[in-house]
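*Asks:*
In the numbering used here, the protein residues as written are 35 to 689.
(1) Which residue marks the beginning of the alpha helix (DSSP H) containing residue 151, and which one marks its end?
(2) Within a Cβ cutoff of 7 angstroms, which residues of the same chain sit near residue 480, ignoring the five residues on either side of it in sequence?
(3) Pull the bridge partners of residue 162 from the DSSP assignment, please.
(4) DSSP on residue 68, reduced to helix/strand/coil?
(5) Any idea which residues DSSP pairs residue 312 with across the strands?
(6) When the Cα atoms are used, what is the spatial distance from residue 424 to residue 148?
(7) Which of helix, strand or coil does DSSP assign to residue 73?
(8) Any chance the CB of residue 628 is under 8 angstroms from a heavy atom of the ligand HEM?
(9) Can you look up residue 601 in the DSSP assignment and give me helix, strand or coil?
(10) To which residues of the same chain is residue 449 closer than 6 angstroms at the C-beta, ignoring the five residues directly before and after it?
(11) When the distance is taken between beta carbons, is residue 163 closer than 9 angstroms to residue 78?
(12) In the DSSP assignment, what residue or residues form a beta bridge with residue 433?
(13) Per the DSSP calculation, residue 213 is bridged to which residue(s)?
(14) Does the distance from the CB of residue 508 to the CB of residue 215 come in under 9 angstroms?
(15) Of the residues 255, 256, 350 and 266, which one's Cα is nearest the Cα of residue 239?
(16) Roughly how many angstroms separate the alpha carbons of residue 111 and residue 117, rounded to a whole number?
(17) Between residue 303 and residue 464, is the Cβ-Cβ spacing less than 9 angstroms?
(18) Let me know if residue 677 comes out buried or exposed under the rule of 16 or more other beta-carbons within 10 Å of its beta-carbon.
(19) For residue 652, which residues in the same chain have their Cβ closer than 8 angstroms to its Cβ, ignoring the five residues on either side in sequence?
(20) Count the other CB atoms within 10 Å of the CB of residue 573; is the residue buried (16 or more) or exposed (fewer)?
(21) Could you tell me which residues DSSP puts in a beta bridge with residue 672?
(22) Applying the criterion that 16 or more other CB atoms from any shown protein chain within 10 Å of the CB defines a buried residue, is residue 31 buried or exposed?
(23) My assumption, with CB atoms under 8 angstroms, is that residue 398 sits in contact with residue 416. Please give the rounded CB distance.
(24) Just grab the DSSP bridge partners of residue 334 for me.
(25) With H, G and I counted as helix, E and B as strand and the rest as coil, what does DSSP make of residue 553?
(26) Could you pull out every unbroken alpha helix (DSSP H) segment of at least 4 residues lying fully inside the region 349-437, listed in chain order?
(27) Assess, as a yes-or-no matter, whether the region 175-188 is touched by the region 99-113 under the definition of 3 or more beta carbon pairs within less than 8 angstroms.
(28) Just to confirm my understanding: we take residue 531, look at its own chain, exclude 5 residues before and 5 after, and list those with CB closer than 6 angstroms. What are they?
(29) Identify the continuous alpha helix (DSSP H) that holds residue 635 and give its terminal residues.
(30) Going by DSSP in three states, residue 628 sits in which element: helix, strand or coil?
(31) Does the region 197-212 touch the region 600-608, meaning 3 or more C-beta pairs lie closer than 8 angstroms?
(32) CB residue 395 to CB residue 336, shorter than 9 angstroms?
(33) Using the three-state DSSP reduction, which class does residue 106 fall into: helix, strand or coil?
(34) Rank 511, 150 and 393 by C-alpha distance to the C-alpha of residue 352 and give the top, closest one.
(35) With distance defined between alpha-carbon atoms, name the residue in 245, 276, 241 and 237 nearest to residue 256.
(36) Exposed or buried, residue 334, counting other C-beta atoms within 10 Å across all chains shown (16 or more means buried)?
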């Protein structure tokens, strides 16, 4: 996909003083069961500010985050100026929409039918020309894909941003462990929920949980009816499903939670997918691209940037402690014209070159000078590149073996290579230092300088009022892998993670030439444990050499993941471990694209916890989310032939 010119052919960008930008109306759109969903409709206007009467193409967003929020200003201001009707709709039982109060976070079984009914209602309106496109990120992306499974006849094209297609695998139970950012996200969704409309006590309880999020995540298992979400019982139900349904069962297999078994029903329409290298749903984005490309005749495109969840819409060039250079910046001023160009092709039939675009645009990170910039961030750099397929056809999948002396190399270990044993203590987990998270909100307590919540904000203002004080419990994106006093689970002396006895570090010698890794990664480990169940984690890092700005070097996390060992062979049929047996486990890591400069090292860290990104395995083998005790585990990693632990890296050939 080639980056477009900022304007379509023959059309100047509108000026900021164009007022009014559109004619606004609110509609209550009826669903097949009689429930009405509230939608803001923004119509194009003429130079006098009068609504244009000619039928127009329509762009639709369906949101759980309030259709009227200011965040939509730069979108609803923009598209009517370019001849589109823009419709933003609250999901069922959210904000101004009707419903019976049931709302299950991203697990609502009616979204496919509601999406279909909304699209087809719009198509019947005299102001619609019969061509409808959908857009939106995260939850707003999930409902797009679910709607596409129902094939509404007037759905013409989609732009799906950073959305999972399998809630089990991508959002809630990666590798079989619970992703704790979803605990915070569900509390976010409880604010302004219909269940808390007339319950100020419940609203203040949720606000208090945000101020005690560290303690909340540390004190598992939770008890039903004893947490703030008991005031919003349907969301409480979702939280307990997330933490207790460790096996992939019939609930997880519903189309509203996992679209992948149903993709043969997906509408054959042009779809563009966007992802970020630090978005927790990156793997789902890449997998959906492969699936739709294989199934559909219409084009599927994909964009991957150096972004965390949602940050492609932000005018910034950095994530975490790392800056990627000016080319990394998108923001709405760039994003809106790029996105409009896609819809102009399919909803207006403009021959604007989209058909000739390569299907993939990705950002290759790295290549910077490694100095600290004026904002105190590492100059890592990077650049955009077009590609044709995924994984890239020229990929050289290369095995690098883990050696007892900490080496990581293409040389196979000797048959008598030593194993390494370490202690995993659930009371002293490895802290999460940066990474792929979404909606991981926490608020400082009053004694820490945070607010005191005494009055419940009114419905519709609860999230905005309370979460304006929030920040992310885990830094989205990369950061130097050394503990810090302000981060959860970190302890004195706050040294590098590489110095912890429960973190096994394997790294190459300083590279003699640049090495690019682009694509999915797989970590294959031979392991055993004294516990009936335990976790193994894997993390890929780009290690900078020491410099004046970074005397200890800079250990930059790229991607990581986890495997709960009871699910090593099956997500549906768990198997506990025997202390006398050795097991081969596979930990797939999300895709990335990074240039490791000459002088850097490629590093892989192996451990058994990554908290609070993932819940901590109690090592007891008890049912998920219901354990009664914890125990330490002695975990062993095997290295020698024939049980050679190794990582398979997607290396690009030198050109």
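Cβ atoms here follow ideal geometry from the backbone N, Cα and C, with glycine treated the same way.
*Replies:* Answer, in terms of the structure:
(1) For residue 151, the enclosing alpha helix (DSSP H) covers residues 145-157.
(2) The residues 486, in chain order, have a CB closer than 7 angstroms to that of residue 480 in the same chain once the five nearest residues on each side in sequence are set aside.
(3) 90
(4) coil
(5) 342
(6) 33 angstroms
(7) strand
(8) Here there are no bound small molecules, and the ligand HEM is not part of this structure.
(9) helix
(10) Excluding positions up to five away in sequence, the list reads 674 and 675.
(11) no
(12) 682
(13) The secondary-structure analysis by DSSP pairs residue 213 across a beta bridge with 648.
(14) yes
(15) 266
(16) 11 angstroms
(17) no
(18) buried
(19) Closer than 8 angstroms at the Cβ level, and outside the excluded window around residue 652, lie 460, 661, 663, 664 and 665.
(20) buried
(21) Paired residues: 560.
(22) Only positions 35 to 689 of the chain appear in this structure, which leaves residue 31 out of reach.
(23) Going by Cβ atoms, the distance from residue 398 to residue 416 rounds to 6 angstroms, so yes, they are a contact pair.
(24) Note: residue 334 sits in a beta bridge opposite 305.
(25) Strand.
(26) Within the region 349-437, the runs of alpha helix (DSSP H) that reach at least 4 residues and sit entirely inside it are, in chain order, 365-381.
(27) No, the region 99-113 is not in contact with the region 175-188.
(28) 515 and 537
(29) Segment 635-641 is the beta strand (DSSP E) holding residue 635; no alpha helix (DSSP H) there.
(30) strand
(31) yes
(32) yes
(33) helix
(34) 511
(35) 276
(36) Under this definition residue 334 is a buried residue.
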